[in-house]
Amino acid sequence: MKCIVGIGGMTNGGKTTLTNRLLKVLPNCCVIHQDDFFKAPLFQPQDQIAVGEDGFKQWDVLESLDMEAMLSTVQAWVRNPRKFARAHGVRVHPDTLDTHILILEGFLLYSYKPLVDLYSRRYFLTVPYEECKWRRSVPGWHEVP
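Per my numbering, the very first residue in the sequence shown carries number 7; after that it's consecutive.
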């Protein structure tokens, strides 16, 4: 059985915390973080991120992400989840060889049609505005158990 689970939601909404907890308890579970697919200046020219009318880089739009690369990574998992798991340091449990779970985690997961069709399950996390604002303002808030 192959299962692709989407965990989407707002920034600082608990997506990574939930994902990390699931990784600890689910067998043969891999994760792909959407944040790993930003068109970052370390790998690509800075000018790939549009500047809005307010003068700020527009990091919160789909165009700031290399979604084709993310889709390609997901397709690699679909083709061979065992190989993908081993390549990403995930121990494949011998008693659950036919069970493979992929968690996609990110804030714009459901805005890219080619990915939407691949999910077995989709979840969207939200928190109240004031909580989100507080989390953004407190360094290390997510480190609290």
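Where is the CB? At the ideal position from N, CA and C, for every residue including glycine.
Since the model is a prediction, treat every value here as computed from it, not as a measurement.
According to DSSP, residues forming a beta bridge with residue i
i       : result
His-106 : Lys-8
Glu-111 : Ile-13 and His-39
Phe-130 : Gly-14
Phe-90  : None, per the DSSP bridge assignment.
Leu-182 : Given that the chain is displayed from residue 7 to residue 151, the structure contains no residue 182 and the question cannot be resolved.
Leu-71  : Phe-44
Sub-7 angstroms separation of residue i and residue j beta-carbons
i       : j       : result
Phe-43  : Met-16  : no
Leu-131 : Lys-30  : no
Val-37  : Ile-109 : yes
Ile-10  : Tyr-125 : yes
Asn-18  : Arg-127 : no
Closest by C-alpha distance to residue i, when choosing among the options
i       : options                            : result
Arg-97  : Leu-24, Asn-86 and Pro-33          : Pro-33
Tyr-129 : Asp-66, Leu-24 and Ser-143         : Leu-24
Tyr-118 : Glu-74, Phe-62 and His-39          : Glu-74
Asp-123 : Cys-35, Lys-45, Gln-81 and Met-7   : Gln-81
Lys-8   : Asp-101, Thr-79, Leu-28 and Trp-83 : Trp-83
Thr-79  : Gln-40, Glu-59 and His-99          : Gln-40
Asp-104 : Pro-87, His-94, Gly-95 and Gly-61  : Pro-87
Check: residue i C-beta below 6 angstroms from any heavy atom of the ligand PLP
i      : result
Thr-22 : Absence of the ligand PLP is noted for the structure shown, with no ligands found whatsoever.
ask   = How about the segment 69–85 and the segment 114–128: do they share at least three Cβ pairs that are nearer than 8 angstroms?
value = yes
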